[in-house]
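According to our numbering, the residues represented by the sequence shown are 73 to 707, in order. Below is one structure, written out as structure tokens; comments come after it.
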Amino acid sequence: MRVTLKSDMKTNSDYDIIVIGAGHAGCEAALACARMGLATAVFTMSMDTIGQMSCNPAIGGLAKSHLVKEIDALGGEMAKITDRAGIQFKVLNRSKGPAVWSTRVQADRALYRKYMRQSLESQKGIDIIQQSVKKVLLEDDRVRGIKTTDRDYFAKAVIIATGTFLNGLIHIGLESFPAGRAGEPASTGLSKSLQHMGLRLGRLKTGTPPRLDVKGIDLSVMSIQQGDVPPPAMSLFTHEITNPQLPCYMTYTNESTHKIILDNLKRAPLYAGKITGIGPRYCPSIEDKVVRFRDKPRHQVFLEPEGIDTDEYYANGISTSLPHEVQADLVRSIKGLERAEIKKPGYAIEYDFVFPTQLKPTLETKPVQGLFLAGQINGTSGYEEAAAQGIMAGINAALKIKKKEPLILGRHEAYIGVLIDDLITKGTKEPYRMFTSRAEYRLLLRQDNADLRLMEKGHDLGLISKEQYDALLAKRAAVEAEIKRIRSTRAKPGVINPVLKKLGGPEIKEDITLYRLLKRPEVKYAHIADVLPAEKALPQEVISQVEIQTKYKGYIRRQAEAAEKFKKIEKKKIPEGFIYKGISGLSAEIVEKLEDIRPVSLGQASRVPGVTPAAISLLMVSVEKHRREEVESRK
73 MRVTLKSDMK TNSDYDIIVI GAGHAGCEAA LACARMGLAT AVFTMSMDTI
123 GQMSCNPAIG GLAKSHLVKE IDALGGEMAK ITDRAGIQFK VLNRSKGPAV
173 WSTRVQADRA LYRKYMRQSL ESQKGIDIIQ QSVKKVLLED DRVRGIKTTD
223 RDYFAKAVII ATGTFLNGLI HIGLESFPAG RAGEPASTGL SKSLQHMGLR
273 LGRLKTGTPP RLDVKGIDLS VMSIQQGDVP PPAMSLFTHE ITNPQLPCYM
323 TYTNESTHKI ILDNLKRAPL YAGKITGIGP RYCPSIEDKV VRFRDKPRHQ
373 VFLEPEGIDT DEYYANGIST SLPHEVQADL VRSIKGLERA EIKKPGYAIE
423 YDFVFPTQLK PTLETKPVQG LFLAGQINGT SGYEEAAAQG IMAGINAALK
473 IKKKEPLILG RHEAYIGVLI DDLITKGTKE PYRMFTSRAE YRLLLRQDNA
523 DLRLMEKGHD LGLISKEQYD ALLAKRAAVE AEIKRIRSTR AKPGVINPVL
573 KKLGGPEIKE DITLYRLLKR PEVKYAHIAD VLPAEKALPQ EVISQVEIQT
623 KYKGYIRRQA EAAEKFKKIE KKKIPEGFIY KGISGLSAEI VEKLEDIRPV
673 SLGQASRVPG VTPAAISLLM VSVEKHRREE VESRK
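This is how it looks when you write it as structure tokens:
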């Protein structure tokens, strides 16, 4: 797109905000900034890879769909694009409670990239510039802009969302070469620029499996994995899924596969000592799995289509960086893949990241004002984690420029809040991945109620339209009205006992409210609606809320009470620049940790690793004393 510069150069600003990188974090950041009315530039090394799904062509999954739906409720783009590009939709964990239900969508890689690029190009206020960024420009301790291969560009804030491109190094066997992704150059200047600002960098590693040609795959000997019918949309705003739906397939490695891997370990860069970066513990390479779990006779391999109009399949489960010829032998040892051809080999990639404890809750860096980081640069793994950080960095950069209060989501409000708090408080030494177990209040933070929790915030920011917000209010009112109805409507034994008998539950001897009936585990909303329906049919999303809020009311109430206690300590703010040294009773180690993290509240301080409850009590007294002294001083 054409770059339009402001004519009033007295501002020394070509743009309000510059976003470096057009992956999942960069796209969400740029869209949020532009939709909040700020002139935004996105810098990318290639226009053709905007919104690229570098690894698995899927969005969502366990805990990750919670992030996607929260992005959606705030006014982000990922869920909408996922629905437009989706070729298989499935809700996982249906047999468990609603807190862990998670939607996973297999996507057409090319369509996802196409639609995300269209979103950026059609968004008023965004310029897309294809150039390599060499350096971040500073003025004192404030960001000033960026230097590219072409010229300097000035802005009031800069968001870095470079993914795996910072000093990226690809490994295939014992060969290695600089790259940000296969076939794309690495970013080699930015890391030095960040270090010069005083930011500490580390090294991480991730990997990808080989892509296979379907013509050599015998899918008939594999178990078929179908999606749900009808497909459950990811976005709140999707009314229909229009793409043809495709199945996935499952097969397994075997003893022959494992022997090939073990016989060639000396040619694996991880075991040959060529890789120094720490890889993801929860998504290891097939080499790592075979070595760590030697007693396990087989490992699952999912064959996932890369798209509607491609013959390429993604071999999920055999991420590897072994030499190409070894990968070929490995693949052909697996049932159904005996004649398979590798279209693209798997590889490992090492890259630089910034230790995220150097960030504020807004994702702004502590040393440099106006510099925000989002995505894998902060040590995370996954499209969803990246996009969640992207929209929050974009929102907070825009709010900072507008001189408004930042948006900081608490751990009790959103999985996004858990993600960011974990990063900035606990840090990470390996690629961070979201799990439902990380969220203490996961029954409050279900994927089904993301709109009820967060859409009002999105509307206040101008990212959710009035029409969308009015629909939310109507849904909330409908849920409340139906719960009120079933609380006051009573069923007679003669009406409901035939239903209960059929369900195998105990029959009733006297009238009972529909609400009490619905609390029974065997009774669904459809059962009571069949005998005593509402005046008009309700949408499924309303029915789902009525059912969940009724059946889990006691558990939800207890978590809500715990969240209220959590909020009280979160509200106890620690003044900026607070001096920890000199607080009687605090050890030098705890003082060092608190000075490093610089928590914004007593709640955050309590989650810093190594900070004891006794230390928090001492800190609480000291903060209160400081507050009183400030009040007296002002008087």
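For glycine and all other residues, C-beta sits at the position ideal for the given N, C-alpha and C.
Within the same chain, and ignoring the five residues on either side of serine 656 in sequence, the residues whose Cβ sits closer than 8 Å to its Cβ are Leu690. Separation of the CB atoms of leucine 443 and methionine 108 is rounded to 18 Å, and the pair is thereby denied contact status at 8 Å. In this model, serine 295 and lysine 186 are separated by some 31 Å (Cα to Cα). In this chain, the beta strand (DSSP E) harbouring alanine 113 covers 112-116.
Taking a C-beta distance under 8 Å as the contact criterion, proline 303 and glycine 132 do not qualify as a contact pair. In this structure, isoleucine 536 sits away from isoleucine 143, with a CB-CB distance that is not shorter than 8 Å. Between the C-alpha atoms of isoleucine 688 and proline 257 there is a straight-line separation of about 47 Å. Assignment of aspartate 155 by DSSP, reduced to helix, strand and coil, places it in the helix class. By the CB criterion at 8 Å, valine 205 and isoleucine 89 fall outside the cutoff. DSSP, reduced to helix, strand and coil, places lysine 162 within a strand of the structure shown. Alanine 387 and arginine 364 have their C-alpha atoms spaced approximately 20 Å apart. Residue nearest to isoleucine 332 within the set Met306, Pro316, Val362 and Lys136 is Val362 (criterion: CA-CA distance).
As the crow flies, the alpha-carbon of arginine 629 is around 13 Å from that of arginine 514. In the structure shown, lysine 645 falls within a strand segment according to DSSP collapsed to helix, strand and coil. For arginine 216, the closest of Phe237, Tyr87 and Lys287 by C-alpha to C-alpha distance is Tyr87. Under the three-state reduction of DSSP output, phenylalanine 237 falls in the coil class, being neither helix nor strand.
DSSP places lysine 529 inside the alpha helix (DSSP H), whose first and last residues are 522-533.
Threonine 392 has its alpha-carbon roughly 45 Å from the corresponding atom of valine 614. In the three-state DSSP reduction, glutamine 399 falls in the helix class (H, G or I). The way I'd put it, the region 468-479 does touch the region 214-231; three or more beta-carbon pairs between them come closer than 8 Å. Using a C-beta cut-off of 8 Å, the region 162-178 makes no contact with the region 194-208, since fewer than three inter-stretch Cβ pairs fall below that distance. Tyrosine 386: member of the beta strand (DSSP E) spanning 384-388, first to last residue. The beta carbon of aspartate 300 lies closer than 8 Å to those of Phe161, Lys162 and Val163 in the same chain, with the five residues before and after it left out. Taken in chain order, the complete alpha helix (DSSP H) segments of 4 residues or longer contained in the region 553-640 are 565-575, 586-590, 597-603 and 612-623. Counting C-beta pairs with one atom in each stretch, the region 243-252 and the region 308-318 have fewer than three that are closer than 8 Å, which means they do not touch.
For the pair of segments examined, the region 515-531 was found not to touch the region 365-383: the number of CB pairs separated by less than 8 Å stays below three. Fewer than three Cβ pairs drawn from the region 482-492 and the region 166-181 lie within less than 8 Å of each other, which leaves the two stretches out of contact. Beyond the five residues adjoining it in sequence on each side, aspartate 401 comes within less than 8 Å, by CB distance, of Ile332 in the same chain, given in chain order.
Between the alpha carbons of cysteine 320 and aspartate 285 lies a distance of about 14 Å. Assignment of glutamine 178 by DSSP, reduced to helix, strand and coil, places it in the strand class.
Leucine 276 is positioned such that its CB atom lies closer than 8 Å to that of proline 503. Counting along the chain, the unbroken beta strand (DSSP E) around aspartate 88 starts and ends at 87-92.
Bridge partners of tyrosine 225 according to DSSP: Ile218.
Exposure of glycine 270 is indicated by the presence of fewer than 16 other C-beta atoms within 10 angstroms of its C-beta. Around the CB of aspartate 155, 16 or more other CB atoms lie within 10 Å, so the residue is classed as buried. Rounded to the nearest whole angstrom, the C-alpha separation of glycine 123 and isoleucine 153 is 10 Å.
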